[in-house]
Structure formats: C-alpha cells, structure tokens
Amino acid sequence: MELENINPSIYKKISERPILPEEEDNEIEDEFDSREIFDLIRSINDPEHPLTLEELHVVEDSLIDVDNRNNTIKVLYTPTIPHCSMATLIGLSIRVKLLRCLPPRFKVHVEINPGTHASEHSVNKQLADKERVAAALENTHLIKVINQCIANKIE
Amino acid sequence: MQIKNMDNINNSLVEQFHNLNKDDAEFLKKCLKLVEDINQGSSTFLQLIEQLKGLLIDPVPTNREYGMQILTQVLEEISHNQITPTQLHFVSDFYAERLKDHHQVVPVALRGTLALMSFNNLPEEQVRNLLQSIFQNIPCQQQQQHDRLNIYKIFQISLENRLRELQAMGFDYIYGVITALDGERDPRNLLFLFNWLPKFLKRFTLGHLSEEMFEVLACYFPVDFRTPPQDPNSINRQTLASSLSACLCATSEFAEYCLPLALEKLSSSLSIAKFDSLDIIGKGCDIFPLSFYVQHSTDIWSQIQREVLNNGDEELEKVALDTFVIVMNKLSQNPDNVYKPILSDIVDTLKGNLVPNTKLFIPSCKMLHHLCKSSKTAATFVIAEIVPLMVNTFHITLTPSHQILILNNLVHFVRIYTDIYENADISGNLPLSQVTCLCLKASLENDLDLRAGGLHCTSIITNSLPSDIRKCFYENMCSLLISEQPDLVRFPLLKTFKSLAESHGDEVQMYVLNQISINNNGELYRYLRSLSTIVEMEKFTEDILATFFKYCQANFDVALIGIDCLRQLLEEYAGNTRIQCYLGETLQLVPNLLDFVLNYLNIIDYPNHKQLLGDISTISKIILRHQSGETQIGLASKCDKVISSYRSGQNVGLVIVMDGLVSCLRRDVKLQLYIVPDLLDVAMKCPYDFIATIACQLLANILNKNLDEEQLENDLKWLEECLNKHLENDKLGKAIHISSWITKALLMRGHVKGAVWTEKLIRLLDDHEEAAKGFEIIMKNCPALSEESFCNVKFLYRQKFFMEITTLLTQNYKESNKNYLLAIGYILKEAPRQVFIMQFKKIVKIVLLCLEKCQNGEILLVVLERLYDLIQSKEAVTEEYLQELLASFIALSTFRSSMNVRIKALECIQHFAVGYPMYKLLPLKQDVIRNLALCLDDKKRLVRKGAVEARLSWIMLDALT
Chain A
8 MELENINPSI YKKISERPIL PEEEDNEIED EFDSREIFDL IRSINDPEHP
58 LTLEELHVVE DSLIDVDNRN NTIKVLYTPT IPHCSMATLI GLSIRVKLLR
108 CLPPRFKVHV EINPGTHASE HSVNKQLADK ERVAAALENT HLIKVINQCI
158 ANKIE
Chain B
968 MQIKNMDNIN NSLVEQFHNL NKDDAEFLKK CLKLVEDINQ GSSTFLQLIE
1018 QLKGLLIDPV PTNREYGMQI LTQVLEEISH NQITPTQLHF VSDFYAERLK
1068 DHHQVVPVAL RGTLALMSFN NLPEEQVRNL LQSIFQNIPC QQQQQHDRLN
1118 IYKIFQISLE NRLRELQAMG FDYIYGVITA LDGERDPRNL LFLFNWLPKF
1168 LKRFTLGHLS EEMFEVLACY FPVDFRTPPQ DPNSINRQTL ASSLSACLCA
1218 TSEFAEYCLP LALEKLSSSL SIAKFDSLDI IGKGCDIFPL SFYVQHSTDI
1268 WSQIQREVLN NGDEELEKVA LDTFVIVMNK LSQNPDNVYK PILSDIVDTL
1318 KGNLVPNTKL FIPSCKMLHH LCKSSKTAAT FVIAEIVPLM VNTFHITLTP
1368 SHQILILNNL VHFVRIYTDI YENADISGNL PLSQVTCLCL KASLENDLDL
1418 RAGGLHCTSI ITNSLPSDIR KCFYENMCSL LISEQPDLVR FPLLKTFKSL
1468 AESHGDEVQM YVLNQISINN NGELYRYLRS LSTIVEMEKF TEDILATFFK
1518 YCQANFDVAL IGIDCLRQLL EEYAGNTRIQ CYLGETLQLV PNLLDFVLNY
1568 LNIIDYPNHK QLLGDISTIS KIILRHQSGE TQIGLASKCD KVISSYRSGQ
1618 NVGLVIVMDG LVSCLRRDVK LQLYIVPDLL DVAMKCPYDF IATIACQLLA
1668 NILNKNLDEE QLENDLKWLE ECLNKHLEND KLGKAIHISS WITKALLMRG
1718 HVKGAVWTEK LIRLLDDHEE AAKGFEIIMK NCPALSEESF CNVKFLYRQK
1768 FFMEITTLLT QNYKESNKNY LLAIGYILKE APRQVFIMQF KKIVKIVLLC
1818 LEKCQNGEIL LVVLERLYDL IQSKEAVTEE YLQELLASFI ALSTFRSSMN
1868 VRIKALECIQ HFAVGYPMYK LLPLKQDVIR NLALCLDDKK RLVRKGAVEA
1918 RLSWIMLDAL T
C-alpha cells in the first residue's frame, strides 16, 4: 500500500503527567479533566505510520473540552493532511477507545478541528451518527484495524 | 567328496540364516561373525561369495535381496585389504548390475554401492561404472527417503575420495547430480544436500548447466518451513535457510541469477523473504564478481532504503543496515569514477530527509552513519557532504529538542570517523572540528535540555576534542562542578568530567583540580561529589581520598559535609577494596572518626545529628567488614572507650556509633565491656524508635554471634525474665518487638531455644496484634544480621521458618482470631519467592480469607503485591486458583479506605488477562468487564488509570487484530 503522507512532521511527546500529592490522597476527589482524556487517546497509533496520534499532533490537549457537571466531553482532532482518507478511521478509533475507557455517564463528541479537512462535515456527521458507528463496529475488517490502532502495547 | 563338502558348508551357511529376519539382531551378529572369520583368515571373501552364490542369483527377488543383505553387511564391515582389486572389480560389476534389478533389491544395492565407494582400492573405471548405473537406472526421487539419502551419500563420498575420476566424467556427473536432487522435499535430505552442495559447487565449473543447477536450488528460496512441535530431528527454518543461502552463494557462476532473485524476493511483503534475501545479498559479496553488484547497485540501494525508511521492525532494519554496509564496502573496491557517483546518488537522496522534525530524519541519519562505516572513502565523502549541512541546520533550528537530535547524530559521525581511521585526532577534518565547537556551544546554552544534551555529546567524543576546545571546557568545569545545577545537567556534566579525566588526566589535574577554589559549604559538597566520580582512576585515588580525609578532620560544619560525601563514596564503590584499604589502613579513618565524635560529644546529639551519626556508622561498617581479626582487635579498645563514654553521658546518639563498630566485628573478637544490659535498657526506654530498633538489632547481632554457649544461656534467661515483667504493662509493644529480634537471632543460628521463643510469640499473637509484626522482623533479610557482618546464618533458615509457621497458622486459624490473618500478611511480605510458590496450595485458603476479611490496607497491599508478582510471571499455581483470586481482586477493586489497594487489585486483574489459557479466561470476561466499568468512575484518577488498563486488556482478550 502506498503511503499518502510519506514524511510527516513529528512532534515531541509531552512528559508524563506528574502525580500531585493530592492525587495520592484517598480522601480527595479528582475530577476528570482534559489532560486525563488526552492521556487516554494520545497513545492511539496512526493507521499509516508506526507513530502515535500525539507525535503527529492529530490530537492535542488544548483541543479537548470536558464538562464534568453536564457529563459531556468534546474532542477535536486534526488530520495530518487535508485530504487524509484515514480521517474517519482515526475519528472512529478515538471514539471506540473513549467508549471503552470512560464511565458511561459521559456523552462524547469526536469532531474534526474546523478547517483542517476537505470533507470535514461529512466525517463529523458520520462520527456523530450512533447507528453508523455501531454498524461500522460490526464490520470485522474495520474493527480489526481499529483494535490495532488502540491496542496498548504491553511493555 | 570335496564338492560335496562345499555343498555342505554352503547349505550350512544358508541354513544358519534360515528363517532369520534381516532386521534381527541375530542377523547382524552372524554377519559380523562372517567378517571376523575373513579378517582372521579362517575363511576368505571368495569362499563367502561361493557360499552365497545360490542366494545371490536366486530367481526370487526376496531371496536375492536376502543374499545381498548379507554381502552388503559384510562389505560395510570388512577391513579393506581383505578384498583384492580384481575381486572388487567383479563385485562392483555385480552391484552395478543389481542397481538395474528388481525394485526390492535396489535399496540394498545402493547401500552396497555406498560401501564400495569407500574402498580406496576400488578401480577407477568402476567409480564411473557405478555412478553411471545410478544415473541411468535409478530415478532418485521415486526412492524412499532413506535410499535417497544413500544416493546423496554416494555422491558425497565419491566427491571426497574420487575427485579426479569425477572431473573426468565432466558434465555427466554434474547432470546426474542435478537430476537426482531435483524435487527433493524431505527436510533431513535437504539439510544434508545444502551442507554438501557448496563443496560440490566449488569444485566443478557448471558451465551451461549453471542456470539449471541454480533453478533446482532457487525453488526452495525463501525457505518456508515450520517445525512440528516435538520434532525429533530438531531441524528448524533458520538452519535450512542459512545453509541454502550458503549454496546459492557458493559459486560466482550464480551471480547473474542470484541477485535478481534476491531483489525480487526482497520486495515481497513476507518478512522471512526479506531476511533471507538480505542474507544472500550480503553473503554474495564474498564471491560474486563486483560488476554484478555495480549493475544492481541502484536496485539494492533503493530496496534497502525502503526497508529502513518505512519500517516498524527493528530487527529487519538492523539486518538491512548491516547488509547495506557489506554491499557498500564491496562497491568501494571500484575505482573512484564508478564508486563516487553511487555514493553521491545515495547522499543526494537522503539529504532531502534531514529535517529534524520529520519522521524520516532518524532513519536517514542511520543510513548515512552506516554508509560511513562501509569504507574510508565513503566516510570522508559523506562527512564532507552531510556534516556542514547538518551544522547549518543546527544553527537555524530554534527548538532545543531538535538541536539535541542533530547534535547526537553529528557526534555519531565523529565516532564512526575515528573508528574507521583508527585515530582519535580529527583536526584534519574541518566539518568534524566544527562539531566539537557545537558541543561546546550547546553545553554553555541557557536551555537546560540543550546544555545537558551538549554535555552528553561531549562525553562521547572527549578523545577527539582539540586542545583549545578542551581548555574552554576546563575553564568552565572549574565553576560548573561546584555550582548548583539540576540533576538533568549535573549528570552529563559529571560524565564529561569523568571522560575527560580518563582521556586527559594530567590536564584535568592541572587545569581543573588545581584551579578550583571553594568558598562555601554548598560548593564543597558538590566538589567532593564530583571528585567521587573519578576516584576509581588509579592516578587520582590517593589524592582524592586524602582530600576527603582532610575535610573530615576539619571544623565541625565542614566535617559534616566531608563525612556525608565520604559515606556516599564508600557506598558507591562498595566493591572496591583498594579504596577501603587505603582509608582503613593507611589513613586510619575509623579511629580518627571516633576521636572526632568523642571530641565533639558536647555538640553532637540525637536527633539533630542523626545523619552524621548514621554516616559514621555506615563508614565504620564498610571498612570493618573487610578487616582482619587482628586489626579489629586493635579497634576494640576504641569501642570500649565509646561504650564507657556512653555509660557516663547517656548520649543515645552514641548507640548508633556503637552499632557501626560492634555489629561488624568478627565472632572471635571480644569486647572488654558487656553491653547486653545497656542495649536492653535502650531498647526498652529510648523514646526514639530509630535508636530502639538499632539497639534491638545490635542485641540480636551479639546474641547471634556469641560463641560462649553458657553465657548465651544466661543472657537468654535474664532477658526472658526482664521481658516477662513488661508483658503486662504499657511497654508490651516494645517487649514484643525486642523478643522478636531475639527469636530471629536464635532462629538464624539454628539454636534449640529458637523454637521456645517462637512458641511464645505465637501465644502472644492470640491476644496482641503487635505480635503479628514480629513475624515480619523474623522473615526480613536484615543487613545488620547478615554473613557480611559475620553473623551465624543457617542455610535456608527463612524458608524453613516460613514452611513451619504458615502450616501452623493455617491449622490453628479460627474465625475469632483476626490476628492470624495479619500475621500471614506480615510473613508473606518478606517470604522468599520460591518457597511461597511451593507452599502456595497449602496456604491459599488463609490468603484468600485475608483478602476477604482483613480491613488493614497495609496488609492487603502487601498480600496483593506478592500475588501480583506471581501472576505477572504466570506461575502455574495462580492458574489453578484463577477464579477465586480474580473474584477477590474484583471485590478489592472497590476497597474504600485505600486507593493503593484498589490500584494493586486492578493491576492483578490486568495481568490475569495475558498469558493464561483463553478457555479459562473467556467465561469470566463479560463479568470482569462489567465490574470494571464501576472503577472507571472512581474518585481517584490513578485508580481510574489502572481500571482503564485492566479493562482494555480484558476487552482485547479475544478481540480481532
């Protein structure tokens, strides 16, 4: 298979989240925040390259919005090139990973960062459509690729 | 009469073999008897033939085969001089005829032929005769595996012994061989052939048959072979593949077919094809003519480039790069006008990728590095082309992380250049000299990462630094070494310092060590810590230790720092006896430190000077450990001085110093003063737990080492009485603590009283929670009570105690007795791994009860950690109790009062998902996933993280990938 983007730019990974003393105190409650969501999806692999979405700046901490009180999370992602045919697949991977890793009380929106992809609206529409997402996950080939993307490597 | 006689013998021989199966042991024995008779002269080979005549020409094939079996067996065993060339001639003729015979006779005829071929006196024309007969009459691939192997062995032996005759046969022989082996499928035969063929190919010119020969071999490439489990032949793919590649690269005649084949297979998507292709491209360099490599250079280069640049497989990348080096080295044999364009082609292609924030930067640099390794010409060429470019990129790049990346790769060029020219001096190479300037520049930057990166790079190439750059470094070192820096910078700084001291010791002495001036204690501390890094170098050792010693003797505040640094130094070089001897014998460090303590006794107090006292104790222990008994006796008087000054002043800090002195004395070194009562007193009354514990340890140490049995008995009796008094009052905890240490000391030396004291501890456990902790003390490995401190340590005493005590606790456990569960936890905390596994089945019930009933977070965590360790290494015992364990982990994943328990439980659940049989896991999967969903909303972030990982592992259990 020919690669669409042979030599993408790579960005530095941000350092691990430091553990604060209050996070180690059993009595204090830690709320969900954007960094926590980012940590969940930063390690997703790009379908084309052996690189993570973080290294390619497809997902960024600043593009994640968490509203704990209303139980909503919004994730914006940026495809590496505007014609990237993998955009939907990446969006699906993010959705599936969050589906598996977040408590069910949250409603998650995954959308393309406005203005960064040629067919932004149709991709957004597909990702927002519950039925279509569910149907996509029934597709054995598709779920295989998604599982490969979100498989966390055990070190 | 005579004839009749012959017939009799004849008949008797045939009768002897009558009804005897040829696979029988008896058959072989009889044949060997025949051979022995001939060898000893009681009969002759001719007579044997005569006797067998009837069988050998019998019209029934089975009988002929039988006769042949006997004759062949004899031929295989007989000594070669028993048969004359004329006889051999006839026998060979006979065998050549038999090769045309009935198919039942052929296998044994082949065996006989093989035996005949090993006769050195076999007439020349018969070699040809036999081989021709095989080639013409036997379709090799229609024979059974073993017979085919015999044919190949005939080829092998004829090649070894009869090369001249074979060469005379010319293409007939080659063609015969090709035809015979064409289509072989058995791995055993193939392995035999692949090992033999290189010898064959090297001795014959294949001429017009070379393509035919190559095709016969090429059809196996790349070897696709999977060994069935428990294969008795232990042939694997790797052996077959590497011997095949040796065949493909055995003769230069294969070059024109081999390289295109390798390149074709290299472009396939199968990874073994890639590995094998790279292998033959590399191996071929030894034998194939240069022109073929020139012809395919572009192809080879672009394919290897593809593998390296777009690859996720590290191993493949490594093999590809290694092959690249071999091929480029081969190509460097070309004259410059051919070689240089190839180089410049490669360099031009890679140049475009050298933008540090892109994916291809690192792999492209790797290719360039490997290109440099291939030859001196390549190194000079690449460095001239690439290094200035990268230096420029360094200057225009603003991101420190990218600059570090560039610098790391530049430094690599320096290393490769100095390696290939075997000369560290790079002053002749201008671009590389610039790299050293960059290192200096980077190590002076404000950005910490960059500075650290620069220093790190410098430490790699200190050998190649020109003198002016070194001078700059020395000047900077003088201030950097003693100024405060974050660890990030400090670590590479010391590495560079050490590396410079190794390569330019005198200069470092003159321009750094002699120049540093220290103005305050902070600087002193960092100065001494810096010196520690180079103390191991013989040149510096004594001076540096003397410096340390000087500071240890200085005024009180300075000495605090000196002693602290000296302790760290001794701990870092704990294995270096030279340093210990110099400090201990030459400088008399320990007595000097004691004098220091006694001098400042009015200032020193605990807990303000805990660190100082601890340092002195540690230093004494390290030095005493390596001293002989006599030297220690010399010190004993000093100990007495410390003890008496403790008695007069009751300065509890001195207990720490005493511990340092006494605990490492050899068993036969006796103190004048009897300190057991003093120690018991401190252990009972001292308000500081730290000191009380030290007193207990020292007490245990002394009891353990006591050689005088009678005194020990008295001591124990006295101690027991004293402790019993306290068991009723508020000092109960301390009394239990002390008696645990005493029990430990006794158990360690295998003393009979050990059991009595253990029983006492178990009785206490019924009513007092504190006793549970005592078991931890007994099980724990304690440096104060080790063989290093000359203690009496019975082999496997912990294991033995563990077995006994866990059996006892399991048997006596009752619902009402919660303390037993605590005790189990404390015992497990320190239990040796192997014995825990051995005892697992016996104690699993009480362990599970502990997980269920115990509310003590600390104990739960300990038990979970031990189980986690077993689960992580997939011990078989955990598989047996998978369901029970998993259930209790799930219950604990919501354990309210400790988040660490929840996290550990989740980790255990996570590791159950890998490495256990799927059929045991799958029925539990949905349950686990559902239960873990609760933990995803845990109030603690760290727990949620653990829950996510555990849940994902279970979801991915049987997921399609």
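Same order as they appear, the protein sequences are chains A and B. Following my numbering, the numbering of the first sequence begins with 8 at its first residue and continues without gaps. Following my numbering, the numbering of the second sequence begins with 968 at its first residue and continues without gaps. The beta carbon of each residue, even a glycine, is placed where N, CA and C say it ideally should be.
- The C-beta of residue 99 of chain A has 16 or more other C-beta atoms within 10 Å across all chains shown, which makes the residue buried.
- Pairing residue 1192 of chain B with residue 1243 of chain B gives a Cβ-Cβ distance that is not under 8 angstroms.
- The CB of residue 1525 of chain B never comes closer than 7 angstroms to any CB in chain A; the least such distance is about 35 angstroms.
- Judged by DSSP in its simplified three-state form, residue 52 of chain A adopts strand.
- Within its own chain, the residues whose Cβ lies closer than 6 angstroms to the Cβ of residue 1267 of chain B, once the five positions on either side in sequence are excluded, are 1294, listed in chain order.
- Secondary structure at residue 27 of chain A: coil, using DSSP grouped into helix, strand and coil.
- Here DSSP, grouped into helix, strand and coil, assigns residue 1781 of chain B to coil.
- Sixteen is the threshold: when 16 or more other Cβ atoms of the shown chains lie within 10 Å of the Cβ of residue 1032 of chain B, as they do, the residue is buried.
- Within the same chain, and ignoring the five residues on either side of residue 1905 of chain B in sequence, the residues whose Cβ sits closer than 6 angstroms to its Cβ are 1911.
- The bridge partners DSSP lists for residue 1059 of chain B come to none.
- DSSP links residue 80 of chain A through a beta bridge to A/73 and A/115.
- Under the DSSP assignment, residue 133 of chain A falls in the alpha helix (DSSP H) whose first and last residues are 127 to 135.
- Identification of residues in the stretch 1884 to 1905 of chain B having a C-beta nearer than 8 angstroms to some C-beta of chain A yields 1900, 1903 and 1904, given in sequence order.
- Burial is judged here by how many other beta carbons sit within 10 angstroms of a residue's own beta carbon; residue 1381 of chain B has at least 16 and is buried.
- A straight line joining the alpha-carbon of residue 1588 of chain B with that of residue 1452 of chain B spans about 32 angstroms.
- Apart from sequence neighbours up to five positions away, the residues of its chain that approach residue 1142 of chain B with a beta-carbon distance below 7 angstroms are 1176, ordered along the chain.
- The CB of residue 1420 of chain B never comes closer than 7 angstroms to any CB in chain A; the least such distance is about 13 angstroms.
- Proximity of chain B to residue 47 of chain A at the Cβ level (cut-off 8 angstroms) is accounted for by 1915, in chain order.
- Beyond the five residues adjoining it in sequence on each side, residue 1611 of chain B comes within less than 8 angstroms, by CB distance, of 1640 in the same chain, given in chain order.
- Secondary structure at residue 1402 of chain B: helix, using DSSP grouped into helix, strand and coil.
- Taking C-alpha positions only, residue 1489 of chain B is separated from residue 1448 of chain B by approximately 11 angstroms.
- Only those residues of the stretch 32 to 63 of chain A whose C-beta falls short of 7 angstroms from the nearest C-beta of chain B are listed: 33, 36, 37, 43, 47, 56, 57 and 58.
- Of all residues in the stretch 76 to 87 of chain A, none is placed with a Cβ closer than 8 angstroms to any Cβ belonging to chain B.
- Here residue 1463 of chain B carries a helix assignment [DSSP, helix/strand/coil].
- Listed by position along chain A, the residues whose Cβ is nearer than 8 angstroms to that of residue 1368 of chain B are 19.
- By the neighbour-count criterion, in which a residue is buried when 16 or more other Cβ atoms sit within 10 angstroms of its Cβ, residue 1486 of chain B is exposed.
- Per the coordinates, the alpha-carbon of residue 1462 of chain B lies some 11 angstroms from the alpha-carbon of residue 1419 of chain B.
- For a Cβ distance threshold of 8 angstroms, residue set 1904 of chain B lies close to residue 112 of chain A, ordered along the chain.
- Identification of residues in the stretch 120 to 148 of chain A having a C-beta nearer than 7 angstroms to some C-beta of chain B yields 147, given in sequence order.
- Between the C-alpha atoms of residue 1576 of chain B and residue 1558 of chain B there is a straight-line separation of about 19 angstroms.
- As a beta-bridge residue in DSSP terms, residue 16 of chain A pairs with B/1325.
- Taking 8 angstroms as the threshold, the shortest C-beta distance from residue 107 of chain A to chain B falls below it.
- DSSP places residue 1774 of chain B within a helical segment (H, G or I) once states are collapsed to three.
- Contact annotation, residue 1584 of chain B with residue 1627 of chain B: C-beta distance approximately 3 angstroms; criterion of less than 8 angstroms satisfied.
- Separation of the CB atoms of residue 1703 of chain B and residue 1663 of chain B is rounded to 11 angstroms, and the pair is thereby denied contact status at 8 angstroms.
- In this structure, the CA atom of residue 1837 of chain B is about 32 angstroms from the CA atom of residue 1541 of chain B.
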